[in-house]
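Count along the sequence shown from 1, then add 8; that gives the number in my numbering. Ideal Cβ placement from N, Cα and C applies to all residues, glycine included.
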Amino acid sequence: MWEHACSTGLPIVWHIHTGSPLLKHKRILLNKNNLFMDPIIRQELYEYLARFITENKRSKIEEMVRLRTRYLTVVLEDIYQPHNASAVLRTCECFGIQDVHIIENRNKYTINPDVVMGSTKWMNMYKYSGQANNTPEALHHLKKKGYRIVASTPHRNDITIETLDLNPGKIALVIGTEIDGISQDVFDMADEFVKIPMFGFTESFNLSVTAAMCLHTLSNKLRSSNLPWQLPESDQLELKIEWCKNILSKPHLVEAEFWKEKGI
């Protein structure tokens with residue numbers, strides 16, 4: 009799921025003009041939004057949507073949402089090869105990483121549907137674009153969200169991925185371009201650097217391989233720890249609603265019927 013995002017990577021808020029032709033529509037939306045914020049109504053909406061999917065799919069949603077995490081997120085800086093870009097997304101989804109942050113500077117991030125295999129509809133992807141250099145803004149945003157910026161690079165003798173301490177707080181793992189690696193901005197703003205031990209002549213692993221090995225190591229450590237890595241109940245419910253919509257062929261019609269029954 010691509011999040012509608014501006015250059016800051018934040019969702020865009022669409023405003024409705026208050027002129028008389030749209031005033032009634034605005035009041036309806038405000039009323040609907042107030043109801044939607046009610047946890048009871050949110051649960052009712054999920055139950056309603058789930059009536060239109062199979063029990064097997066609902067069970068899968070209930071199982072997977074408990075395994076999702078935002079304690080660990082991935083930041084991809086200016087990736088240009090569609091195969092690598094898509095392989096990383098598929099890997100993130102397989103490891104239960106809910107959010108991926110995409111930085112576009114020189115290169116537009118392109119997804120290969122034959123590689124992602126539908127994985128992107130279960131994830132949230134935040135795109136940072138619109139400026140010549142979007143890296144500082146993206147990393148500042150993540151720091152404000154409480155993330156430690158951990159950059160993957162073979163060119164710093166800091167720590168290996170196996171010895172990275174997860175206890176100090178949430179981690180945003182930054183992976184750079186296929187040829188140049190992370191940018192100078194990432195070097196300047198990163199809190200920590202990690203590398204994967206290598207024993208051959210080649211300088212670095214393939215980008216998607218790097219992501220897979222890092223996430224395998226960190227995911228296993230995280231899930232075997234006592235850290236609060238699972239999503240809050242409210243976030244889980246939000247995801248279950250979105251996942252139901254992704255399964256349905258005409259979710260807007262089903263949801264409209266729900267609000268109609270609520271008198272909206």
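Would you call the CB atoms of residue i and residue j closer than 7 Å?
i, j, result
"SER94", "GLU112", "no"
"VAL123", "HIS91", "yes"
"SER227", "VAL96", "no"
"ILE255", "VAL202", "no"
"ILE167", "ASP199", "no"
"THR225", "GLY189", "no"
"LYS268", "PRO259", "no"
"PHE213", "TYR56", "no"
"SER67", "GLU101", "no"
"VAL273", "ALA219", "Coverage of the chain is limited to positions 9 through 272, which leaves residue 273 absent and any answer about it impossible."
"LEU235", "VAL73", "no"
Taking the alpha carbon of residue i as the reference point, which residue from the options has its own alpha carbon closest?
i, options, result
"THR77", "LYS178, THR62, GLN89", "LYS178"
"MET206", "ASP188, HIS163, GLU52, CYS102", "HIS163"
"PRO144", "PRO121, ILE119, HIS109", "HIS109"
"LYS151", "SER127, MET133, PRO121, VAL182", "VAL182"
"GLY104", "MET131, MET125, THR118", "MET131"
"TRP251", "TYR134, ASP86, MET45, TYR54", "TYR54"
"ILE49", "SER257, LEU261, ILE249", "ILE249"
"GLN192", "ALA58, THR118, GLU85, THR218", "GLU85"
"THR344", "LYS270, ALA159, GLU70, TYR88", "Outside the displayed range of the chain (9 to 272) lies residue 344, so it cannot be described from this structure."
"GLN51", "ILE272, GLY271, GLN244, MET72", "GLN244"
Buried or exposed for residue i, please, with buried defined as at least 16 other CB atoms from any protein chain shown within 10 angstroms of its CB.
i, result
"THR171", "exposed"
"ASP196", "exposed"
"ASP107", "buried"
"ASN142", "buried"
"LEU261", "exposed"
"THR62", "exposed"
"ARG1", "The structure shown has nothing for residue 1, since the chain only spans 9 to 272."
"LEU18", "Reliability of the predicted coordinates at LEU18 is poor, the pLDDT of 38 falling under 50, and the value obtained from them is presented with this limitation in mind. With fewer than 16 other Cβ atoms within 10 Å, it is exposed."
Determine which residues share a DSSP beta bridge with residue i and list them.
i, result
"PHE201", "ALA159"
"GLN238", "THR77"
Just checking, does the segment 69 to 84 make contact with the segment 222 to 236 on the three C-beta pairs under 8 Å criterion?
When C-beta atoms of the segment 69 to 84 are compared with those of the segment 222 to 236, three or more pairs fall below 8 Å, so the two segments count as touching.
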